[in-house]
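Each residue of the sequence shown is one higher than the one before, counting from 9 in my numbering.
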Amino acid sequence: MRKRNKSLFIIVFFSLLFLIPIWSVRYVPLQDWPVFTGFSYIIAHLSHFSSFSVKPIPPPNTTGFLLLAGLMKVFPPLVAGKLLLSLYVVGFLGAFCYFLLVLNPKGLFLYFFAPLLTFNYFFAKGNINFILSLPLFLFSVAFILPKIEKHGWRTIVITFLLSLTLYFTHLFTYCAFLLVLLVFVICRKRGMYLFAAAVVPACLCMTYFITNRAPLELEFYKSFAVKFISFRDTFGTWTPYLDVALLSIPFIALLVLVVRGWKNTELAWKIILASFLVLFILSPMEVYTLVRADQRFLPFMFFVLLVFPNYKNNLRFSKLLVALLVILSLANFTIKEIGFLSLQPRMERCITALSMVPENKSVVSMGTKEYYIGVINPFLHIIAYEVSLKGNANIPPYDWKAPVYYTERFPVPVINEGIIKNKYELCAFYDFFFLMEESTTMESQIQDFAELVFIDNETKLFKRK
């Protein structure tokens, strides 16, 4: 009981700590977050948006949109969004602990990796459905694997429901879960009914892709060096150099513990780890609409590594690692909090400029690509806040796997070497033009057909003449 209370206290402490950066700012600086909140707002108020329709078969990545849409029915959009992100933080920290308690209780000290990895690359990118799927993956694996040897119909039904939820949260994570379950079923020669129940949602996947009729995009890396850079970027967020510095020593220590515990680890875990590694190496840069699919294997490879170390065989080393992880987690929290606060003035300038656009007028972004903070650009989709904050969806479309789709055509800027190629088309459709770049060339082109109505440092808004 004392050990359980101690674990609960640690989870609550780090949950509250890492909720501070989310709630201490008005606009959470995640790259794709404005688009995600925009689609969720449209789903919550679909009757108000005539240019959107519901897809006949929901896409795999639906859960996050529906959760946020439901929250927006009760809370203001910004508050609802923070509640969803808070759910991820608490869920990730809790599921991480449960995963270790069930599958490697002797390695429970590795829990202190969780707060260090909560604000990860995928969180910073705003891949909301993917990050929501991670705690669900940890819980599902830890819940189902111990029941492979002996299970009844109740476990089969729960396996199906968990698999269905995983599928509708993120397709990639669902496939990773199927791989883990399949390897254990083969190695232990038990649990075929569990795997059969888990595979059922895959039928929905095939139906969705057939009815959606999306083209199959397939692009490979030009060289392994480019793939290595992709691997490197996965460890970075708003402060990539500090992120890599914080993670390097703990990860090396983890690998040492993995090597020491290798012989005593079940064969199935070794096969799963090798499978994820091979898939990472062979994965293309883009498949279907998933860009840099190989990066997605890395979290699951890390989760598998957690089952190898053994506390009793490495007592002194483990205690030193725990102390190091706690210190680095506190440093990580401080860095992220300072980073979030420092980005607020620039984000607020953007929102102030966009607030001048009337609700029934259209606006397009003419440039924010220069404003990367580390490997993240929190300004890339900033105009999508028009949807959730003002209910104005008159912006360029985003080709997302969302449960709704555009029924009208919105032109997208075509810019080549700083020259607007379709300015007449843009001018005929849009009323306002948002710019966040120190580019006199771009400014002069826009001023041919629009007048400056707002300027604050690099943030500008033009109105069509």
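Quick reminder that beta carbons are idealized off the backbone N, C-alpha and C, glycines included.
Closest in alpha carbon position to Phe131, among Ser94, Ile156 and Ser59, is Ser94. When secondary structure is reduced to three states using DSSP, Thr360 falls in the helix class. Nearest to Tyr379 by alpha-carbon distance, out of Cys213, Leu74 and Trp246, is Trp246. Non-local C-beta neighbours of Glu345 in its own chain, meaning closer than 8 Å and more than five positions away in sequence, comprise Ile28, Pro29 and Ser32, ordered along the chain. Looking at the DSSP output, Lys230 sits in no beta bridge, so it has no partner there. Of the candidates Phe348, Ile279 and Arg304, Phe348 places its Cα closest to the Cα of Asn385. Ranked by how close their Cα comes to the Cα of Ala88, the residues Leu262, Ser48, Phe305 and Leu108 have Ser48 in first place.
Here the alpha carbons of Phe316 and Asn112 stand approximately 8 Å from one another. Spatial neighbours of Ile19 in its own chain (CB-CB distance under 6 Å, excluding positions within 5 residues in sequence) are listed in chain order as Leu101, Gly102 and Cys105.
Excluding sequence positions up to five before and after Val98, its CB lies within less than 6 Å of the CB of Ser23, all in the same chain and listed in chain order. By the neighbour-count criterion, in which 16 or more other beta carbons inside 10 Å mark a residue as buried, Met200 falls on the exposed side. Around the Cβ of Ser337, a 10 Å sphere holds 16 or more other Cβ atoms; the residue is buried. Residue environment for Gly426: exposed (fewer than 16 other C-beta atoms within 10 angstroms of its C-beta). Beta-carbon to beta-carbon, Phe387 and Met444 are separated by about 6 Å, close enough to satisfy the 8 Å threshold. When DSSP states are grouped into helix, strand and coil, Glu433 belongs to the helix group. Beta-bridge annotation (DSSP): Phe462 is paired with Leu469. Inter-residue distance for Leu75 and Leu250 is about 33 Å (C-alpha atoms, whole angstroms). Secondary structure remark: continuous alpha helix (DSSP H) runs of at least 4 residues inside the region 57–86, in chain order: 71–80. When beta bridges are read from the DSSP output, Phe442 appears opposite Ser373 and Leu469. A Cβ-Cβ distance of about 13 Å is found for the pair Ser59 and Tyr406, leaving them out of contact under the 8 Å criterion.
Here the region 161–175 does not lie against the region 116–123, with fewer than 3 beta-carbon pairs under 8 Å apart. For a cut-off of 8 Å, the C-beta gap from Gly134 to Gly244 is around 15 Å, too long to register as a contact. In the structure shown, Glu451 adopts helical secondary structure according to DSSP, grouped into three states.
For Tyr182, the CB contacts under 6 Å within the same chain, skipping 5 residues up- and downstream, are Leu174 and Tyr175 in chain order. The continuous stretches of alpha helix (DSSP H) do not include Val383, and DSSP gives it neither H nor E. The shortest CA-to-CA distance from Cys213 to any of Pro64, His159, Tyr35 and Ser373 is the one to Pro64. The C-alpha of Cys211 is placed about 37 Å away from the C-alpha of Ala233. Less than 8 Å divides the Cβ of Tyr393 from the Cβ of Pro42. In this chain, the beta strand (DSSP E) harbouring Tyr413 covers Val412 to Tyr414.
The DSSP-derived three-state label of Glu294 is strand. Between Leu118 and Leu109, the CB-CB gap reaches or exceeds 8 Å. Contact annotation: the region 457–470 does not touch the region 417–426, with fewer than three C-beta pairs closer than 8 Å. Between the region 182–192 and the region 147–154, the count of C-beta pairs closer than 8 Å reaches three or more; the two stretches touch. For Trp277, the number of other beta carbons within 10 angstroms of its own is at least 16, and it is reported as buried.
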